[in-house]
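Taking the numbering used here, the leading residue of the sequence shown gets 327, the next gets one more, and so forth.
Using N, Cα and C, we set each Cβ at its ideal position, and we do this for glycine too.
What follows is a single structure, written as structure tokens, with notes after it.
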Amino acid sequence: MNKFNIEKTKLSKVLKITPPTIFNDFRGNYIETYNEDIYNQNGINIKFIQDDISTSKKNVLRGIHGDEKTWKLVSCLHGEFYLVIVNWDKNSKEYQQWISFEMSSSNPFQILIPPKYGNGHLVTSKEAIFHYKQSTLYDRDSQFTIHWNDPKLKIKWPTENPILSERDKNE
Numbered sequence: 327m328n329k330f331n332i333e334k335t336k337l338s339k340v341l342k343i344t345p346p347t348i349f350n351d352f353r354g355n356y357i358e359t360y361n362e363d364i365y366n367q368n369g370i371n372i373k374f375i376q377d378d379i380s381t382s383k384k385n386v387l388r389g390i391h392g393d394e395k396t397w398k399l400v401s402c403l404h405g406e407f408y409l410v411i412v413n414w415d416k417n418s419k420e421y422q423q424w425i426s427f428e429m430s431s432s433n434p435f436q437i438l439i440p441p442k443y444g445n446g447h448l449v450t451s452k453e454a455i456f457h458y459k460q461s462t463l464y465d466r467d468s469q470f471t472i473h474w475n476d477p478k479l480k481i482k483w484p485t486e487n488p489i490l491s492e493r494d495k496n497e
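The following block contains the structure:
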């Protein structure tokens, strides 16, 4: 059985996962990013049904978005970004607490994000590719948006003037 390195984080339901297969040689590298059997053997029994990729330029901030039912498994395929996850579960002792990760393609790991948590990321390199697996199909109407600079949350983003979509500016 291949074992992932699974680390708990300060948000009890958010996990940091390092894949078991990372192979580097003179040609480049090979990383097994997902194997359902290995995830199940490691106690992660989530059925992922949709994969998405977003490509963004430096200083683009996407999010913070989430919904009531979707698990997400996120990773950085290229470049670097600053990932923020916010607990938005009103029944949780950790409600409105957040955690951040500096993710990059040169240090491959994944973050497992449960339902009722929002996530957003800020690109810190020239360009970055963000990959996420989802346990439900994308449904814009079921999502919540947390304002990226909500003063109650005091999120420490490594920028003051990010590039934002209209949705992220106004919701």
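Given 8 Å, three or more beta-carbon pairs between the segment 463–474 and the segment 374–394: Segments in contact, yes.
E362 (DSSP reduced to helix, strand or coil): If DSSP states are grouped into helix, strand and coil, E362 belongs with the helices.
Counting pairs of beta carbons, one from the segment 474–484 and one from the segment 399–406, are three or more of them closer than 8 Å? These segments do not touch.
Looking only at DSSP bridge pairs, what is N350 linked to? For N350, which the question treats as bridged, DSSP gives the partners N355.
Where are the alpha helix (DSSP H) runs, 4 residues long or more, that stay fully inside the segment 360–442, in chain order? Restricted to the segment 360–442, the alpha helix (DSSP H) segments that are unbroken, complete and at least 4 residues in length are 362–367, listed in chain order.
Report the residue from N361, D378 and T381 whose alpha carbon sits nearest the alpha carbon of I372. Relative to I372, the option among N361, D378 and T381 whose CA is nearest is N361.
Would you report the Cα separation of G354 and K416, rounded to the nearest angstrom? Each residue's Cα considered, the two are about 45 Å apart.
Residues near G444 in its chain [Cβ-Cβ closer than 8 Å; skip 5 each side]: Excluding residues within five positions, the ones whose Cβ falls inside 8 Å are G389, I390, H391, G392, I411, V412, W414, F470, T471 and I472.
At which residues does the beta strand (DSSP E) containing K329 begin and terminate? From DSSP, K329 is part of no beta strand (DSSP E); its letter is neither H nor E.
Is the number of C-beta pairs between the segment 377–386 and the segment 423–442 that are closer than 8 Å three or more? Contact between the segment 377–386 and the segment 423–442 is not established, with fewer than three Cβ pairs separated by less than 8 Å.
How would you call G446, buried or exposed, if buried means at least 16 neighbouring beta carbons within 10 angstroms? Buried, because 16 or more other Cβ atoms sit within 10 Å of the Cβ of G446.
Spatial neighbours of Y421 in its chain, beta-carbon cut-off 8 Å, leaving aside the 5 residues before and after: The answer, listed in chain order, is N413, W414 and D415.
Check N496 in the structure and name its three-state DSSP category. In this structure, N496 counts as helix in the three-state DSSP scheme.
Inter-residue CB distance, Q436 and F374 (contact presumed, cutoff 8 Å): Actually they are not in contact, since the Cβ atoms of Q436 and F374 sit about 12 Å apart, beyond 8 Å.
Sub-8 Å separation of Y458 and K398 beta-carbons: For the pair Y458 and K398, the CB atoms are nearer than the 8 Å cut-off.
Roughly how many angstroms lie between the CA atoms of F349 and E358, to the nearest whole one? Taking the CA atoms as reference points, F349 sits about 9 Å from E358.
Exposed or buried, what is S401 when buried is set at 16 or more other beta-carbons lying within 10 Å of its beta-carbon? Looking at its Cβ environment, which holds 16 or more other Cβ atoms inside 10 Å, S401 is buried.
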